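In what follows, a single structure is set out as structure tokens and then discussed.
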Amino acid sequence: MLEQKQVTKSLVPSPKSLAELQLFTMPEGGTDRLSFITWDTIEIIGQGEEVIEFHGHYAIERATPTSADWHDASIDITMRELSVDGVSAYVGRVHASVNPDLGKPSGGQVRTGTTYNAPDSPKLCQMYGYMQFELLDMGMTVFNKEPIALEHNITHIPPVGQGGGTKERVDILLYRKDAPDSDPVAILHRVKTHIGAWLES
Numbered sequence: 411m412l413e414q415k416q417v418t419k420s421l422v423p424s425p426k427s428l429a430e431l432q433l434f435t436m437p438e439g440g441t442d443r444l445s446f447i448t449w450d451t452i453e454i455i456g457q458g459e460e461v462i463e464f465h466g467h468y469a470i471e472r473a474t475p476t477s478a479d480w481h482d483a484s485i486d487i488t489m490r491e492l493s494v495d496g497v498s499a500y501v502g503r504v505h506a507s508v509n510p511d512l513g514k515p516s517g518g519q520v521r522t523g524t525t526y527n528a529p530d531s532p533k534l535c536q537m538y539g540y541m542q543f544e545l546l547d548m549g550m551t552v553f554n555k556e557p558i559a560l561e562h563n564i565t566h567i568p569p570v571g572q573g574g575g576t577k578e579r580v581d582i583l584l585y586r587k588d589a590p591d592s593d594p595v596a597i598l599h600r601v602k603t604h605i606g607a608w609l610e611s
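Under my numbering, think of the first position of the sequence shown as 411, with each following residue one higher.
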């Protein structure tokens, strides 16, 4: 069960279980490997649009916060791993992961301040992702050149049990990795996310 905010002038240890999560409290830096579900609205150009449900996990590295105060602090974050799988009615099995070949890190920041400018309210977490989607039954991998911007309003860190996604409908073009300068083959229009608990060791 989430504990209420404690009055503290120092960072708390990085949580490793639900029992250790504390509302509106800044933890030390660390890496969180959490289960992850996404619902991606993708248009296969020339075929149609669908929502693909992906299940798997991610690993986020959190830097040490700039302050122990929930309102004042910001935290730089980097996505070290993404491994989620889904099935498309158009192209079959799809595996999504961080794109290691683009030379651009997937990351972002838990922003300074809070959503409602009140100390005990959510903080905005923004992530900019460079991903690849392996279309396993077609022998093709597609990727985005422009970042996928995800937003979450979080009340605790890591944000177990919370969700977010793209702020609105977007048009992120997806290109073939083996022909990156050719026309796009798909368009990512929306992402919704749910962040689950820690992976079992």
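Using N, Cα and C, we set each Cβ at its ideal position, and we do this for glycine too. Because the structure is a prediction, the values reported are computed rather than measured.
Distances from the alpha-carbon of Glu460 to those of Glu556, Leu492 and Asp450 put Asp450 closest.
The beta carbon of Ser477 lies closer than 6 Å to those of Ala483 in the same chain, with the five residues before and after it left out. Restricting attention to beta strand (DSSP E) runs no shorter than 3 residues, the stretch 531–610 encloses them at 533–539, 541–545, 550–554, 558–564, 573–575, 582–586 and 596–608, ordered along the chain. Within a 10 Å sphere around the beta-carbon of Asp581 sit fewer than 16 other beta-carbons, which makes this residue exposed. In terms of Cβ geometry, Leu444 and Leu560 do not form a close pair [threshold 8 Å]. Here Gly466 is bridged, per DSSP, to Phe446 and Val494.
CA-to-CA, the gap between Met548 and Ser420 works out to about 52 Å. If you look at Val422, you'll find it isn't in any beta strand (DSSP E); DSSP assigns it neither H nor E. Residue state for Glu438 is assigned as coil, using DSSP reduced to three classes. Secondary structure of Ala473 (DSSP, three-state): coil.
Taking 8 Å as the cut-off, the beta carbon of Arg586 is found closer than this to the beta carbon of Met550. With 16 or more other CB atoms across the displayed protein chains lying within 10 angstroms of its CB, Gln542 is buried. In this chain, the beta strand (DSSP E) harbouring Gln519 covers Gly517 to Val520. The Cβ atoms of Thr448 and Lys602 sit closer than 8 Å to each other. Annotation: the continuous beta strand (DSSP E) that includes Val504 extends over Gly502 to Val508.
Counting every other CB atom within 10 Å of its CB across the protein chains shown gives Ala596 a total of 16 or more, marking it as buried. Annotation for Gly518: Ile487, Gln536, Met537 and Tyr538 place their beta carbon closer than 6 Å to its own, counting only its chain and skipping 5 residues before and after. Taking 8 Å as the cut-off, the beta carbon of Gly574 is found closer than this to the beta carbon of His562.
Judged by beta-carbon spacing, Asp495 lies within the 8 Å limit of Phe464, meaning their Cβ atoms are closer than that value.
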